[in-house]
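Undergrad: Just passing along the structure, written as structure tokens.
2 protein chains.
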Amino acid sequence: MDTKEKILAESMELFAINGYDGTSMTKIAEKVGIKKPSLYAHYKSKETLFIDVTKAMADNNVDFVRRSLDVQAPNVKTVLYHSFKTHIQDLISDDASNQFYNRFMHYPPEGLENELTAYVEQSEKQANRLLENVIAKGQASQEVTKELHAKSMAHTYFCLIEGLADETTIYTSDEIERHAESAWMVFWRGVRA
Amino acid sequence: MDTKEKILAESMELFAINGYDGTSMTKIAEKVGIKKPSLYAHYKSKETLFIDVTKAMADNNVDFVRRSLDVQAPNVKTVLYHSFKTHIQDLISDDASNQFYNRFMHYPPEGLENELTAYVEQSEKQANRLLENVIAKGQASQEVTKELHAKSMAHTYFCLIEGLADETTIYTSDEIERHAESAWMVFWRGVRA
DNA sequence: GTCTATACGGCGATAGAC
DNA sequence: GTCTATCGCCGTATAGAC
């Protein structure tokens with residue numbers, strides 16, 4: 003991992019834990035093991051660094067969703083449940099990248115909204131489409147109701163994931179897991195054929 | 003409205019729109035119509051001001067949930083749907099207090115977490131209990147399934163609301179309303195008897 | 001690419017007159 | 001309670017030597 007990549011990785015963790023304004027270039031440099039001015043040899047400003055981190059995290063999220071759905075299983079319900087559980091395990095794992103996502107994807111730092119919103123929106127739509135395809139398969143195989151649109155159900159699925167993600171700052175892992183189990187049951191009862 | 007109340011109201015709007023670090027005491031003073039040092043005659047620091055605002059917003063939220071459920075209706079489904087719609091209307095109304103809530107309730111500024119998390123958690127549990135009672139009534143009247151706990155279903159309900167709230171920064175009001183309608187249908191199909 | 005040294009500005013907060 | 005003036009600090013960013 004070269005210096006530029008290390009700056010990206012270390013600053014991501016600091017941003018996730020301490021927020022944008024709570025993370026100074028000095029602290030990033032310390033964590034990387036260089037001095038502050040050296041950062042500017044790789045990124046022309048704190049803002050451009052943050053933008054690069056955010057875009058990488060948005061891309062990671064799409065990959066994560068893709069991998070969570072890429073599983074052989076006898077039916078669509080099992081695929082969906084597996085993906086749901088994978089998301090929850092990620093939420094409670096205290097992974098910095100996950101915290102970064104929750105913290106910034108919908109509330110970027112002041113002044114960067116215009117730079118980031120379009121990118122984030124597009125990546126979320128990609129993730130939504132991946133799930134939509136799975137649900138549509140479930141409709142074709144008579145597992146999932148046709149009274150609702152696959153796209154809508156996919157959207158509701160992610161609403162639940164996001165609602166649960168927001169809880170991580172308040173509730174314990176055990177509570178999140180119980181809430182998640184309930185949310186899954188309501189969801190599946192709501193979409194099954 | 004005396005000066006102290008005005009400081010509370012105006013700073014809430016600025017915090018909601020520009021974030022904690024993005025809102026300086028100078029800007030708050032300007033919006034109130036006084037000079038920065040005068041603020042310190044009413045609040046001893048920026049942090050204590052923010053804490054007061056947050057607690058007021060947490061209380062407001064409990065009241066909001068209570069009012070949204072306080073409606074005469076022929077059955078529990080109608081009460082729940084009315085409450086759901088009331089929440090969504092609030093989300094898309096671009097109300098600053100709503101934005102404040104979404105922004106800070108789960109990610110308070112650095113250093114204020116310990117001061118605020120317990121208060122927020124308690125207020126959320128109050129709101130949850132209000133909804134839980136309504137759902138329990140629905141179980142008693144055979145409208146809502148007894149296969150799931152009332153508390154769990156209440157929790158899932160709020161997960162959906164929160165997931166939809168997070169979307170307000172990206173999607174348009176029309177899209178939110180459509181997503182909300184789908185989320186409601188999945189939810190009701192999932193909890194009905 | 002990395003360093004030391006520094007410029008420049010805005011921040012929260014206070015002193016003290018009125 | 002409100003003001004003017006100011007303190008002390010820390011932020012991003014740059015200059016220029018190695």
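Sequence lines, in order, name chains D and S. The end of the first sequence is residue 195 by our numbering, with every number in the run present. The end of the second sequence is residue 195 by our numbering, with every number in the run present. Glycine is no exception: its CB is placed at the ideal position from the N, C-alpha and C atoms.
At a Cβ threshold of 8 Å, is Ala60 of chain S touching chain D?
TA: no
Undergrad: Any idea what DSSP makes of Val55 of chain D, helix, strand or coil?
TA: helix
Undergrad: Does any residue of chain S have a CB that is nearer than 8 Å to the CB of Ile53 of chain D?
TA: no
Undergrad: If you follow the alpha helix (DSSP H) that Val146 of chain S is in, where does it begin and where does it stop?
TA: It is not in any alpha helix (DSSP H) - Val146 of chain S carries neither H nor E in the DSSP assignment.
Undergrad: Alpha carbons only, please: which of S:Ala152, S:Glu169, S:Lys38, S:Val146 is nearest the one belonging to Thr80 of chain S?
TA: The shortest C-alpha separation from Thr80 of chain S is found at S:Val146.
Undergrad: Give me the Cβ distance between Leu166 of chain D and Ile53 of chain D, rounded to the nearest whole Å; I'm assuming they're in contact under 8 Å.
TA: At roughly 28 Å, the Cβ-Cβ gap does not stay under 8 Å, so Leu166 of chain D and Ile53 of chain D are not in contact.
Undergrad: Scan the segment 169 to 185 of chain D for residues whose Cβ lies nearer than 7 Å to a Cβ of chain S and list them as they occur along the chain.
TA: Thr171, Ile172, His181, Ser184, Ala185
Undergrad: Which chain S residues sit within Cβ distance under 7 Å of Tyr109 of chain D?
TA: Arg105, Thr171
Undergrad: 8 Å is my cut-off, CB to CB: does Asp96 of chain S come that close to chain D?
TA: no
Undergrad: Ignore the nearest five residues each way along the sequence and tell me which others in Asp61 of chain S's own chain have a CB closer than 8 Å to its CB.
TA: The residues are Ser125.
Undergrad: Give me, in chain order, the residues of the same chain whose beta-carbon lies closer than 7 Å to that of Thr171 of chain S; leave out the 5 immediate sequence neighbours on both sides.
TA: none
Undergrad: Buried or exposed: where does Tyr42 of chain S fall if 16 or more other Cβ atoms within 10 Å of its Cβ makes it buried?
TA: Exposed, because fewer than 16 other Cβ atoms sit within 10 Å of the Cβ of Tyr42 of chain S.
Undergrad: Using the beta-carbon of each residue, which ones in chain S are nearer than 9 Å to Ser154 of chain D?
TA: The answer, in chain order, is Arg180, His181, Glu183, Ser184, Ala185, Met187, Val188.
Undergrad: Over the uninterrupted alpha helix (DSSP H) stretch that includes Gly192 of chain S, give me the two end residues.
TA: 175 to 193
Undergrad: Hey, does His157 of chain D have any beta-carbon neighbour from chain S nearer than 8 Å?
TA: yes
Undergrad: Taking the runs of the alpha helix (DSSP H) that are 4 residues or longer, which of them lie wholly in the segment 37 to 91 of chain S?
TA: 38 to 41, 48 to 71
Undergrad: From Lys38 of chain D to Arg191 of chain S, what does the alpha carbon distance come to, in whole angstroms?
TA: 56 Å
Undergrad: With three or more beta-carbon pairs closer than 8 Å as the criterion, would you say the segment 114 to 129 of chain S touches the segment 24 to 36 of chain S?
TA: No, the segment 114 to 129 of chain S does not touch the segment 24 to 36 of chain S.
Undergrad: Please report the distance separating the alpha-carbon of Val78 of chain D from that of Val136 of chain D.
TA: 7 Å
Undergrad: Is it a yes or a no for the segment 170 to 189 of chain D touching the segment 175 to 185 of chain S, going by three-plus beta-carbon pairs under 8 Å?
TA: Look at the beta carbons and you see the segment 170 to 189 of chain D not touching the segment 175 to 185 of chain S: under three pairs across the two are nearer than 8 Å.
Undergrad: Should Asp168 of chain S be labelled buried (16 or more other beta-carbon atoms within 10 Å of its own) or exposed?
TA: Buried: at least 16 other Cβ atoms inside 10 Å.
Undergrad: By DSSP, does Gly140 of chain S sit in helix, in strand, or in coil?
TA: Helix at Gly140 of chain S.
Undergrad: Find the nearest neighbour of His157 of chain D within the set D:Thr56, D:Glu134, D:Pro111, D:His84, judged by alpha-carbon distance.
TA: D:Glu134
Undergrad: Less than 8 Å between CB atoms is the rule here; does Asp92 of chain S satisfy it with respect to chain D?
TA: no
Undergrad: Pick out whichever of S:Phe160, S:Ala152, S:Asp176, S:Leu162 has its Cα sitting closest to the Cα of Val193 of chain S.
TA: S:Ala152
Undergrad: Measuring CB atoms only, is the segment 68 to 77 of chain D touching the segment 17 to 32 of chain D, in the sense that at least three cross pairs come out at less than 8 Å?
TA: no
Undergrad: Output, in chain order, the set of chain S residues within a Cβ distance shorter than 7 Å of Arg191 of chain D.
TA: Those are Arg191, Gly192, listed as they occur along chain S.
Undergrad: Looking only at its own chain, which residues have a Cβ that is under 7 Å from the Cβ of Ala195 of chain D, when we skip the five neighbours before and after it?
TA: Gln144, Glu145, Val146, Thr147
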